[in-house]
Amino acid sequence: MSITRFAVPLFAAVALVPVAPAVAVAEGLSWQLCSAVAKGWDSADQRTECALVPVPLDYADPTGPEIDIAVSRVKATGQKTGSVLLNPGGPGQSGLTMPRSIAASRAGGIGVQHDLVGFDPRGVGYSADLPCDVDFPEPDPDEDKARKAAERAAAANQACVSAHPGFVRNLTTPTIARDVDRIRQALGEDKIGYYGVSWGTALGAQYRSLFDDHVDKMLLDSVMPPELSVTEMDDDQATAGENTFHDFASWIARYDGVYHFGTTEPVVAKALLDLRDQYGATVNGMLANPRREWAGLAKQLAALRDGGTAESRKVTTEGWDGEPQAFNHFQQTALLCNESPSPRDFDTVWQHRLDRMARLPVAGGYGFYEQLCVGWPLAARPWSFEKGTSPLQLVGHLYEPVTPIGWALRMQEKIGGTLMTVEDDVHGSLSSLPCADAAVAFFDTGQTTAKSCPGAPV
80 MSITRFAVPL FAAVALVPVA PAVAVAEGLS WQLCSAVAKG WDSADQRTEC
130 ALVPVPLDYA DPTGPEIDIA VSRVKATGQK TGSVLLNPGG PGQSGLTMPR
180 SIAASRAGGI GVQHDLVGFD PRGVGYSADL PCDVDFPEPD PDEDKARKAA
230 ERAAAANQAC VSAHPGFVRN LTTPTIARDV DRIRQALGED KIGYYGVSWG
280 TALGAQYRSL FDDHVDKMLL DSVMPPELSV TEMDDDQATA GENTFHDFAS
330 WIARYDGVYH FGTTEPVVAK ALLDLRDQYG ATVNGMLANP RREWAGLAKQ
380 LAALRDGGTA ESRKVTTEGW DGEPQAFNHF QQTALLCNES PSPRDFDTVW
430 QHRLDRMARL PVAGGYGFYE QLCVGWPLAA RPWSFEKGTS PLQLVGHLYE
480 PVTPIGWALR MQEKIGGTLM TVEDDVHGSL SSLPCADAAV AFFDTGQTTA
530 KSCPGAPV
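Residue numbers for the sequence shown follow our numbering, beginning at 80 and rising by one.
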């Protein structure tokens with residue numbers, strides 16, 4: 080029995096429509112142009128191909144029901160020496176367009192000697208996307224509203240788990256790592272390269288821990304911690320955001336001749352917090368933002384101080400958001416909560432939030448991962464990573480709040496590898512930077528680097 084999909088919802092005008100089932104046979108997969116089978120795919124794209132790889136629903140029952148994993152490929156432009164599998168993170172993010180994105184980026188040289196291969200992890204896009212009507216609550220400062228939102232989300236999650244218990248139970252990083260190995264086998268590769276970003280770094284670490292002998296070379300950009308705790312994720316990201324606020328205040332102090340908030344960080348920080356006391360959330364949302372937005376934000380804050388108004392600002396994004404893709408919130412929740420030993424009761428989660436806000440008055444209220452697991456009905460199965468011998472390049476970003484640099488250092492201690500530091504705060508930015516040539520050289524030669532990269536400019 081093969082379960083092709085549970086549902087494939089439209090998301091940002093791109094979702095896959097059925098393609099001919101792909102079977103791993105001697106001559107390989109049944110590839111078709113994605114533009115011919117994927118709704119919304121750019122019709123001018125005549126390079127990216129799509130196929131399906133059947134995998135067990137439950138690897139403990141390898142002869143039981145199957146699901147199909149959607150994969151994509153951009154063939155090497157030169158003499159092929161192997162394949163590099165790509166994952167953009169999330170969890171919950173589709174990866175089908177990532178080969179095309181990488182090919183068009185500063186890291187596109189990887190695709191000269193390697194096929195670039197993307198995929199939708201199980202539970203996302205065309206890879207058995209669950210038809211669950213889930214609630215994804217944002218943090219609310221009102222306790223009663225936050226409790227009700229968490230209860231609604233918990234009820235929706237529990238209903239989905241009850242409807243698909245076997246499938247949801249297998250939404251784990253080790254299971255997806257085993258799917259990755261089935262993709263490797265279907266591609267006919269003895270060893271495969273891997274380039275993962277954000278949560279994709281945890282998937283890479285897990286794959287290397289299980290299948291090190293089948294890793295050619297692995298690059299992990301914006302690295303997750305080696306142990307998953309959504310409680311610690313919220314704490315660490317908020318701490319990074321608080322540090323960004325103080326860096327912002329120091330930067331404004333350097334340009335007192337322009338902004339007139341003061342010449343030292345403590346004076347500027349107090350002035351900004353006083354301004355927040357006057358304007359509330361409008362100002363607080365301007366205090367811990369990426370460096371590329373500092374000049375415009377400082378100008379707006381000065382205007383507010385002087386009696387003006389703050390302009391509405393366009394939220395900019397980085398990474399793989401240049402093309403519309405599928406994102407599955409339930410798959411993200413399932414992976415995080417299936418693997419994080421975090422509290423399941425609202426009262427504990429709420430108290431953690433209050434404690435964090437007391438420690439971190441600017442960024443402490445931003446965390447939301449912990450609340451996703453309120454009421455989650457399945458027991459946690461924590462990550463377990465190990466060192467390997469295959470070439471491993473880690474990439475950490477010194478100032479970013481999404482995956483703080485400390486996570487990369489901890490992951491390096493746990494699984495080994497060489498760490499390159501990027502001097503920016505942009506999540507997963509390596510492929511957009513001149514130093515992406517280090518990634519190209521790594522996949523071509525296996526040589527790692529511990530150099531520092533200037534990163535995206537302020």
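We put the beta carbon where it would ideally sit given N, CA and C, even for glycine.
Looking at Thr323 and Thr478, is the spacing between their C-beta atoms short of 8 Å? For this step, residue 478 is matched to residue 399 along the sequence shown. For this step, residue 323 is matched to residue 244 along the sequence shown. Here the sequence assigns Tyr to residue 478, which means Thr is not the residue at that position. Less than 8 Å divides the Cβ of Tyr478 from the Cβ of Thr323.
Alpha carbon to alpha carbon, what distance is there between Phe246 and Leu136? As a first step, residue 136 is located in the sequence shown; it is residue number 57 there, counting from the start. As a first step, residue 246 is located in the sequence shown; it is residue number 167 there, counting from the start. For Leu136 and Phe246, the distance between alpha carbons rounds to 7 Å.
One question on the structure: do Gly283 and Gly275 come within less than 8 Å of each other, judged by their Cβ atoms? Taking the first residue of the sequence shown as 1, we reach residue 283 at position 204. Taking the first residue of the sequence shown as 1, we reach residue 275 at position 196. In contact: Gly283 and Gly275 (Cβ atoms closer than 8 Å).
How is the alpha helix (DSSP H) around Ser180 delimited, first residue to last? Reading the sequence shown from its first residue, position 101 is the one you call residue 180. Secondary structure note for Ser180: its alpha helix (DSSP H) is the uninterrupted segment 177-182.
Inter-residue Cα distance where the pair is Gln316 and Gly107: Along the sequence shown, one-based indexing puts residue 316 at 237. Along the sequence shown, one-based indexing puts residue 107 at 28. Distance between the alpha carbons of Gln316 and Gly107: 43 Å.
What's the C-alpha gap between Ala281 and Met303? For the purposes of this step, residue 281 is taken as residue 202 along the sequence shown, with counting starting at 1. For the purposes of this step, residue 303 is taken as residue 224 along the sequence shown, with counting starting at 1. Using only the alpha carbons, I get a separation of about 6 Å.
Segment contact, 8 Å Cβ cut-off, at least three pairs: the region 406-423 with the region 203-217: Result yes; three or more Cβ-Cβ pairs closer than 8 Å.
Return the chain-ordered ranges of every alpha helix (DSSP H) run that is complete within the region 271-315 and spans a minimum of 4 residues. If we require 4 residues or more, the alpha helix (DSSP H) runs fully inside the region 271-315 come out as 278-290.
Quick check on DSSP: helix, strand or coil for Gly107? Translated into the one-based positions of the sequence shown, residue 107 becomes position 28. Strand, per DSSP.
Measure from the alpha carbon of Thr156 to the alpha carbon of each residue in Arg263, Leu289, Asp291, Arg126, then state which is nearest. Looking up residue 156 in the sequence shown gives position 77. Residue Arg126 holds the alpha-carbon nearest to the alpha-carbon of Thr156 among Arg263, Leu289, Asp291, Arg126.
In angstroms, rounded to a whole number, what distance separates the CA positions of Thr343 and Trp278? The sequence position of residue 343 within the sequence shown is 264, counting from 1. The sequence position of residue 278 within the sequence shown is 199, counting from 1. In this structure, the straight-line span from the alpha carbon of Thr343 to that of Trp278 is close to 38 Å.
Drop a sphere of 10 angstroms on the beta-carbon of Pro536, count the other beta-carbons inside from all chains shown, and report buried for 16 or more, exposed for fewer. Start at 1 with the first residue of the sequence shown, and residue 536 comes out as number 457. Pro536 is exposed by the Cβ-count criterion.
Per DSSP, which one or two residues make a beta bridge with Thr497? Looking up residue 497 in the sequence shown gives position 418. According to DSSP, Thr497 bridges with Gln472.
What's the C-alpha gap between Asp295 and Ser162? Along the sequence shown, read from residue 1 onward, the residue named residue 295 stands at position 216. Along the sequence shown, read from residue 1 onward, the residue named residue 162 stands at position 83. Approximately 9 Å between the Cα atoms of the pair.
Quick one: residues in its chain with C-beta nearer than 6 Å to the C-beta of Val259, no 5 flanking neighbours on either side, listed in chain order? For the purposes of this step, residue 259 is taken as residue 180 along the sequence shown, with counting starting at 1. Scanning its chain for C-beta atoms nearer than 6 Å, with the 5 sequence neighbours on each side dropped, one finds around Val259 the residues Tyr286, in chain order.
Sequence-distant residues of the same chain with beta carbon closer than 6 Å to Gly168, five excluded per side: Within the sequence shown, residue 168 is the residue found at index 89, counting from 1. If you ignore the 5 residues before and after Gly168, its C-beta comes within less than 6 Å of the C-beta of Val276, Ser277, Trp278, Gly279, all in its own chain and listed in chain order.
According to the Cβ coordinates, are Val150 and Ile255 closer than 8 Å? For the purposes of this step, residue 150 is taken as the residue at position 71 of the sequence shown. For the purposes of this step, residue 255 is taken as the residue at position 176 of the sequence shown. Not a contact, by the Cβ cut-off of 8 Å.
Excluding sequence positions up to five away, which residues of its chain have a Cβ less than 8 Å from the Cβ of Ala229? Start at 1 with the first residue of the sequence shown, and residue 229 comes out as number 150. Closer than 8 Å at Cβ, skipping near neighbours: Pro216, Phe425, Val428, Gln450, Val453, Gly454.
Helix, strand or coil, according to DSSP, for Ala130 in the structure here? Position 51 of the sequence shown holds residue 130. Looking at Ala130 - three-state DSSP - the assignment turns out to be strand.
What residues are listed by DSSP as bridge partners for Gly444? The residue you call residue 444 lines up with position 365 of the sequence shown. Paired residue(s): none; Gly444 is not in a bridge.
For the candidate residues Gly320, His476, Ala458, Asp523, whose alpha-carbon lies nearest to that of Gly364? Position 285 of the sequence shown, counting from 1, holds the residue named residue 364. The option with the nearest alpha carbon to Gly364 is Gly320.
Does the distance from the CB of Leu414 to the CB of Pro170 come in under 8 Å? Taking the first residue of the sequence shown as position 1, residue 414 is located at position 335. Taking the first residue of the sequence shown as position 1, residue 170 is located at position 91. Closer than 8 Å, so yes.
If you drop the 5 nearest sequence neighbours on each side, which residues of the same chain put their C-beta closer than 6 Å to that of Glu465? Residue 465 sits at position 386 when you count from the first residue of the sequence shown. Within the same chain, and ignoring the five residues on either side of Glu465 in sequence, the residues whose Cβ sits closer than 6 Å to its Cβ are Ser288.
Let me confirm a value: Val347 is counted as buried when at least 16 other C-beta atoms fall within 10 Å, else exposed. Which label applies? If you number the sequence shown from 1, residue 347 lands on position 268. Classification for Val347: buried.
Under 8 Å, do Glu418 and Leu307 count as touching if we go by C-beta distance? In the sequence shown, the residue the question calls residue 418 occupies position 339. In the sequence shown, the residue the question calls residue 307 occupies position 228. Their beta carbons are under 8 Å apart, which means Glu418 touches Leu307 by this criterion.
Terminal residues of the continuous beta strand (DSSP E) containing Gly197? Numbered from its first residue, the sequence shown carries residue 197 at position 118. For Gly197, the uninterrupted beta strand (DSSP E) run begins and ends at 193-198, by DSSP.
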